[in-house]
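Protein chains in written order, with this note's numbering: chain A, 2 to 324; chain B, 59 to 219.
For glycine and all other residues, C-beta sits at the position ideal for the given N, C-alpha and C.
These figures come from a predicted structure and were not determined experimentally.
Reading through the structure tokens given below for one structure.
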């Protein structure tokens, strides 16, 4: 894995989409075009606050391949440490500010040979599907979107999606008692269908579970987490890096990756939700508590660990840098 | 030869809920019945595709009834396995859901790399191309899109200068 090129962008526009979701339009700070991208791509945004800084990933929305500007939609989260970056974007970032972003990467592409595409979104997980639907319409592919959100005021983009894609869309508003049933959506889909899920952990688990139960091959189920798995049961521990003589404490609301970044250890990272494998490190001592979705059992056995989500069973983890 | 297909047989795919056997010839039927006797799945169907004339129609009917829960098992001559599996792949079925067993003729379809002719039913290691008349060596190099083995000029000294 290589680190993707970083570049400066200028915030050209900020618009309210719902009371808690804002759309940011970003242009190259040096002028000129930005790198091209395909639907499902995300960028990493570095947010430097006065005390803390964050590296968050956001899906690119809009028309795939748009290089005059990028657009991201950000939901303001109230609580967790890892989501502090979205609050910073909402409260601190102004039009005209400069931000640092990584070039687009895509861990959530469309399957080119699919006979049909079924997109399932939960809440702000709808963002990658805005670009996917645009690409699917351009290619004339058979597709449908199932989008679940809490209430109509907070459901981002549903009116736009309804008017643009009409009969290809179905909305589930939980406050109105309408629930998305993964089994009902997946049953009777034709041969060659691929399903894509983006949303909370619980939705992804429900869809993968229903697909397996219905006899789908796992390679036809694609998902993207927009948040690291919940860490409610986590305890603090120490991370020791003998190579650099560094020892840092990983707090309950923080990840190994964030703790090392705080200590000034540069680790290449990309998705930061345990999916891409960029921030892979090696366990030299201590027992890992794996929480990623990218390593195989064999790789875990070899001592690999994904620093953005995984933790430690016990007091101390001794790690080595990759390569 | 890396491209020479390996046929792993008709062992049941336990992640699927429905099992569709597509067969050709008596030996294909025998192979399917052996596999079914071993595992006796709850939901299985068997479609014979012996007649090349009605094959596409029958296959289409079978595919309309198949869904994401279906795994496919092919048994018959090698040419049949590739014709059907390529057809399944173009319908969006992934390789892991297609299991194959050669049952019947081992005759090869040989593609003459000189003139592009398909020579059917080749059973010898050396073969004279039916179109250009060149003596070909039949290699183990198999092309999945062409559904054929490569036939190359046996005696390079015979190449026209």
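Task: Bridge partners - residue 290 of chain A, DSSP secondary structure assignment - done: What you label residue 290 of chain A is simply residue 289 of the first chain in a count that begins at 1. According to DSSP, residue 290 of chain A bridges with A:312.
Task: Extent of the continuous beta strand (DSSP E) to which residue 148 of chain A belongs - done: Looking up residue 148 of chain A in the first chain gives position 147. It spans 144 to 150 - the beta strand (DSSP E) in which residue 148 of chain A sits, taken as one unbroken run.
Task: Enclosing beta strand (DSSP E) for residue 118 of chain A [first to last residue] - done: Numbered from 1 along the first chain, position 117 holds the residue referred to as residue 118 of chain A. First-last of the beta strand (DSSP E) with residue 118 of chain A: 117 to 123.
- [ ] From the DSSP output, read off the bridge partner residues of residue 54 of chain A.
- [x] Residue mapping note: residue 54 of chain A aligns to position 53 of the first chain, counting from 1. A:49.
- [ ] Give, in chain order, every residue of the segment 130 to 160 of chain B whose Cβ lies closer than 7 Å to some Cβ of chain A.
- [x] 149, 150, 151, 152, 154 and 155
Task: Chain-ordered chain A contacts of residue 208 of chain B [CB-CB under 7 Å] - done: Looking up residue 208 of chain B in the second chain gives position 150. The premise fails here: residue 208 of chain B is roughly 25 Å from chain A at the closest Cβ pair, so nothing lies under 7 Å.
TODO: Select from A:13, A:244, A:256 and A:191 the residue whose C-alpha is nearest the C-alpha of residue 324 of chain A.
DONE: Reading the first chain from its first residue, position 323 is the one you call residue 324 of chain A. Out of A:13, A:244, A:256 and A:191, A:244 has the C-alpha closest to the C-alpha of residue 324 of chain A.
Task: Paired residues, beta bridge with residue 182 of chain B - DSSP - done: The count along the second chain starts at 1 and reaches residue 182 of chain B at position 124. Residue 182 of chain B pairs with nothing; no bridge assigned.
Task: Beta-carbon neighbours of residue 190 of chain A, restricted to chain B and to distances below 9 Å - done: Residue numbering aside, residue 190 of chain A sits at position 189 when the first chain is read from its first letter. Residues of chain B passing the Cβ test: 125 and 126.
Task: Inter-stretch contact at 8 Å, needing at least 3 Cβ pairs: the segment 163 to 173 of chain B / the segment 272 to 292 of chain A - done: no
Open item on the list: Please report whether the beta-carbon of residue 60 of chain A lies at a distance below 8 Å from any beta-carbon of chain B.
Closed with: Within the first chain, the letter at position 59 stands for residue 60 of chain A. So no, residue 60 of chain A is outside the interface.
- [ ] Tell me residue 7 of chain A's beta-bridge partners as DSSP assigns them.
- [x] Taking the first residue of the first chain as 1, we reach residue 7 of chain A at position 6. BP columns for residue 7 of chain A point to A:103.
TODO: Measure the C-alpha to C-alpha separation of residue 156 of chain B and residue 67 of chain B and round it to an integer number of angstroms.
DONE: Taking the second chain and counting its residues from 1, one reaches residue 156 of chain B at position 98. Taking the second chain and counting its residues from 1, one reaches residue 67 of chain B at position 9. Spanning the two alpha carbons is a distance of roughly 10 Å.
- [ ] Can you grab the Cα-Cα spacing for the pair residue 176 of chain B / residue 138 of chain B, in whole Å?
- [x] Here residue 176 of chain B is taken as the residue at index 118 of the second chain, counted from 1. Here residue 138 of chain B is taken as the residue at index 80 of the second chain, counted from 1. Answer to the nearest angstrom: the Cα atoms are 15 Å apart.
- [ ] Go through the segment 238 to 286 of chain A residue by residue and report every complete run of the beta strand (DSSP E) that reaches 3 residues or more, in order.
- [x] 238 to 242, 247 to 251 and 281 to 286
TODO: Note down, in chain order, all residues in the segment 180 to 204 of chain A with a beta-carbon under 7 Å from any beta-carbon belonging to chain B.
DONE: 189, 190, 191, 192, 193 and 194
Open item on the list: Taking the alpha-carbon of residue 142 of chain A as reference, which of A:248, A:170, A:113 and A:127 has the nearest alpha-carbon?
Closed with: As a first step, residue 142 of chain A must be located in the first chain, where it is residue number 141. Here the closest residue by C-alpha is A:113.
TODO: Can you pull the chain D residues whose beta carbon is under 8 Å from the beta carbon of residue 116 of chain A, in chain order?
DONE: Absence of chain D from the displayed structure is noted, the protein chains being A and B.
- [ ] Output the boundary residues of the alpha helix (DSSP H) element that contains residue 88 of chain B.
- [x] Along the second chain, one-based indexing puts residue 88 of chain B at 30. Where residue 88 of chain B is concerned, the enclosing alpha helix (DSSP H) stretches over 83 to 97.
Task: Partner residues on chain B for residue 221 of chain A, Cβ-Cβ distance less than 8 Å - done: Position 220 of the first chain holds residue 221 of chain A. Going along chain B in sequence order, the residues near residue 221 of chain A (Cβ under 8 Å) are 126 and 152.
Open item on the list: I believe residue 181 of chain A touches residue 149 of chain A by the beta-carbon criterion, under 8 Å. Please report the beta-carbon distance rounded to the nearest angstrom.
Closed with: For the purposes of this step, residue 181 of chain A is identified with residue 180 of the first chain, where counting begins at 1. For the purposes of this step, residue 149 of chain A is identified with residue 148 of the first chain, where counting begins at 1. Indeed, because the Cβ distance is near 4 Å, the residues count as touching under 8 Å.
TODO: Specify the secondary structure class of residue 129 of chain A as computed by DSSP and reduced to three states.
DONE: Within the first chain, the letter at position 128 stands for residue 129 of chain A. Reduced to three states, the DSSP call for residue 129 of chain A is helix.
Task: Buried or exposed (CB count within 10 angstroms, at least 16 for buried), residue 7 of chain A - done: Along the first chain, one-based indexing puts residue 7 of chain A at 6. Its Cβ having fewer than 16 others within 10 Å, residue 7 of chain A is exposed.
Open item on the list: Measuring alpha carbon to alpha carbon, tell me which residue in A:48, A:35, A:55 and A:22 is nearest residue 258 of chain A.
Closed with: Stepping through the first chain from its first residue, residue 258 of chain A is reached at position 257. Here the closest residue by C-alpha is A:55.
Open item on the list: For residue 14 of chain A, tell me which candidate among A:252, A:71 and A:32 has the shortest Cα-Cα distance.
Closed with: Counting from 1 along the first chain, the entry for residue 14 of chain A is found at position 13. Selected option, being the one with the closest Cα: A:71.
Open item on the list: With a threshold of 8 Å between beta carbons, is residue 73 of chain B in contact with chain A?
Closed with: What you label residue 73 of chain B is simply residue 15 of the second chain in a count that begins at 1. Closer than 8 Å to some Cβ of chain A, the Cβ of residue 73 of chain B qualifies, so yes.
- [ ] Look up residue 108 of chain A in the DSSP assignment and say whether it is helix, strand or coil.
- [x] Taking the first residue of the first chain as 1, we reach residue 108 of chain A at position 107. It is coil, neither helix nor strand.
- [ ] Kindly indicate which three-state DSSP category residue 70 of chain A falls into: helix, strand or coil?
- [x] Residue 70 of chain A sits at position 69 when you count from the first residue of the first chain. The answer is coil: DSSP assigns residue 70 of chain A none of H, G, I, E or B.
- [ ] Might you give, ordered along the chain, the residues of its own chain that have their beta carbon closer than 6 Å to the beta carbon of residue 162 of chain A, omitting 5 neighbours on each side?
- [x] Along the first chain, one-based indexing puts residue 162 of chain A at 161. Result list for residue 162 of chain A: 170, in chain order.
TODO: Please state whether DSSP places residue 173 of chain B in a helix, a strand or coil.
DONE: Taking the second chain and counting its residues from 1, one reaches residue 173 of chain B at position 115. Coil, per DSSP.
Task: Same chain, Cβ closer than 6 Å to residue 3 of chain A, neighbours up to 5 away in sequence not counted - done: Translated into positions along the first chain, residue 3 of chain A becomes position 2. Reliability of the predicted coordinates at residue 3 of chain A is poor, the pLDDT of 43 falling under 50, and the value obtained from them is presented with this limitation in mind. If we look at residue 3 of chain A and ignore the five residues flanking it on each side, it has no Cβ neighbours.
Task: Contact check, residue 75 of chain B vs residue 215 of chain A, beta carbons under 8 Å - done: If you number the second chain from 1, residue 75 of chain B lands on position 17. If you number the first chain from 1, residue 215 of chain A lands on position 214. Their beta carbons are under 8 Å apart, which means residue 75 of chain B touches residue 215 of chain A by this criterion.
Task: Residue from A:189, A:124, A:97 and A:101 whose Cα sits closest to the Cα of residue 58 of chain A - done: In the first chain, counting from the first residue as 1, residue 58 of chain A sits at position 57. Closest by alpha carbon: A:101.
Open item on the list: Under 8 Å, Cβ to Cβ, is there at least one residue of chain B near residue 110 of chain A?
Closed with: Locating residue 110 of chain A in the first chain gives position 109, where the first residue counts as 1. Judged by the 8 Å Cβ criterion, residue 110 of chain A is not in contact with chain B.
Task: Through-space distance from residue 87 of chain A to residue 12 of chain A, alpha-carbon basis - done: Taking the first chain and counting its residues from 1, the one referred to as residue 12 of chain A is at position 11. Taking the first chain and counting its residues from 1, the one referred to as residue 87 of chain A is at position 86. Rounded to whole angstroms, residue 12 of chain A to residue 87 of chain A spans 15 Å at the Cα level.
Task: Contacts around residue 158 of chain B, its chain only, beta-carbon distance under 7 Å, and the 5 residues preceding and following it disregarded - done: As a position in the second chain, residue 158 of chain B is number 100, starting the count at 1. Hits under 7 Å: 65, 132, 139 and 143.
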